[in-house]
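>
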Amino acid sequence: MVRFFLFVKVGGFGFLRGCQHGFNSQHKRGLVLQKLLMLTQGWTLPLQTLDQLKWDLGLPYDYQHSVIPHHPDLFSFIRLPDDRVGLKLLSWDEDLAVSQLQKNSARQQKEEDARSGCLAFPVGFTRGFGLKRKCMEWLKEWQTLPYTSPYSDASHLDPRTDVSEKRIVGVFHELLQLTIHKKTERKNVSNLRKPLALPQKFTKVFERHPGIFYISKKCATQTVILREAYDHQQLLQKHPTVDLRERFARLLRKGLLDRSKGLYKKSKGDGVEVDPYVDDIGNNQSSSEEESVNNLFYEYDSDEPDKPRIHL
1 MVRFFLFVKV GGFGFLRGCQ HGFNSQHKRG LVLQKLLMLT QGWTLPLQTL DQLKWDLGLP
61 YDYQHSVIPH HPDLFSFIRL PDDRVGLKLL SWDEDLAVSQ LQKNSARQQK EEDARSGCLA
121 FPVGFTRGFG LKRKCMEWLK EWQTLPYTSP YSDASHLDPR TDVSEKRIVG VFHELLQLTI
181 HKKTERKNVS NLRKPLALPQ KFTKVFERHP GIFYISKKCA TQTVILREAY DHQQLLQKHP
241 TVDLRERFAR LLRKGLLDRS KGLYKKSKGD GVEVDPYVDD IGNNQSSSEE ESVNNLFYEY
301 DSDEPDKPRI HL
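The sequence shown begins at 1 in UniProt numbering and counts up one residue at a time.
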């Protein structure tokens, strides 16, 4: 961990410190959690489920201690019937109960669709993808069906109908919109069946709607990706945290490459590898700056799953 820290500190200390203060917004993180819980039954999710999604949602590693306490009027830790600890939303915000699809429709001034409630999902296929004529006709008809907001009660819908299927697609469309990379591992959504009040085998919608969702199987891991958010492999609208992660990864790769080229030498003190060309820079950093960087990396300093220490 020490070597990892030195590589990054030498390559981009100013950039990382600026990012830490630039967009670590407790308010925005609270909004993401609030909207996620508004999608669920009882406005509640187990912490174990949230832990699986925290990286995709852009939450810090220690969100239970660094985010939740800042919103005592919104969130509360509770004991679930299965004796696990959960996070409960305390109040509903009607202004937030608007899906991204509804916002996009309003932005594009599709007033007729909005009034009829028959919003259509953006659909795109890769070049050469062949969809049978019968399937294409079904898709066009399916798009004209009523759109049920993922934030509204859907208990009246028959799970065997296409209208119900469109609602399920809408739920995952909104869930992926809440993630900063517009994607998440399939196993993460598989654990959401009960909280989202979904029927059995609900993940089949990913295969049934390849124009809306894309399933990546890289590294033997199935990842659900929202097609409309990407142009080939490029994310169209990057969240600031995505940009930070990409730049951070480049700094890390550069440090590892420089190390392989022998650009680092052993220090006389504790045997830690440092860059001989920037010793003076490193020595001139203030203790407060080093503490700032340590705080920035705290949420990513372990590969172990988060073990909440919440006392009820």
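Ideal Cβ positions, reconstructed from N, Cα and C, are used throughout, including at glycine.
Are there three or more Cβ pairs, one per stretch, closer than 8 angstroms when the stretch 128–144 is compared with the stretch 87–105?
Touching, no, given that fewer than three Cβ pairs across the two stretches are closer than 8 angstroms.
> Should residue 53 and residue 221 be called a contact, given that it needs their Cβ atoms to be closer than 8 angstroms?
No, these two residues do not count as a Cβ contact at 8 angstroms.
> DSSP state of residue 155, grouped into three classes?
Three-state DSSP puts residue 155 in coil, outside helix and strand.
> What are the complete alpha helix (DSSP H) segments, minimum 4 residues, inside the stretch 26–64?
Runs found: 26–38, 47–57.
> Which residues mark the beginning and the end of the alpha helix (DSSP H) in which residue 107 is found?
Element bounds for residue 107: 100–107.
> Specify the secondary structure class of residue 193 as computed by DSSP and reduced to three states.
Note: residue 193 maps to coil in three-state DSSP.
> Under 6 angstroms Cβ to Cβ from residue 56, same chain only, skipping five residues before and after it: list those, please.
Closer than 6 angstroms at Cβ, skipping near neighbours: 179, 184.
> Within the continuous alpha helix (DSSP H) that includes residue 178, where are the two ends?
Element bounds for residue 178: 162–178.
> Whole angstroms are fine: how far does the CA of residue 51 sit from the CA of residue 194?
Near 17 angstroms, if we compare the C-alpha coordinates of residue 51 and residue 194.
> Return the bridge partner residues of residue 208 from the DSSP annotation.
The partner list for residue 208 (beta bridge, DSSP) is empty, contrary to what the question assumes.
> Check whether the Cβ atoms of residue 43 and residue 101 lie closer than 8 angstroms to each other.
Contact: no.
> Measure the CB-CB distance between residue 66 and residue 60 and report whether it falls below 8 angstroms.
Contact: yes.
> On the criterion of 16 or more Cβ atoms from any shown chain inside 10 Å, does residue 313 qualify as buried, or is it exposed?
Residue 313 falls outside the range modelled here, since the chain spans only 1 to 312, and no answer is possible.
> For residue 34, is the classification buried or exposed, using 16 other Cβ atoms within 10 angstroms of its Cβ as the cut-off for buried?
With 16 or more other Cβ atoms within 10 Å, it is buried.
> Under the three-state reduction of DSSP, which class applies to residue 66: helix, strand or coil?
Residue 66 falls in the helix class under three-state DSSP.
> Do three or more CB pairs link the stretch 236–253 to the stretch 197–216 at distances below 8 angstroms?
No, they do not touch.
> On the DSSP bridge assignment, give the partners of residue 77 in chain order.
DSSP, once it has assigned bridges, lists 87 as partnering residue 77.
> Is residue 143 helix, strand or coil by DSSP?
Residue state, collapsed to three classes: helix.
> What does the alpha-carbon distance come out to for the pair residue 39 and residue 190?
Approximately 15 angstroms, taken between the alpha carbons.
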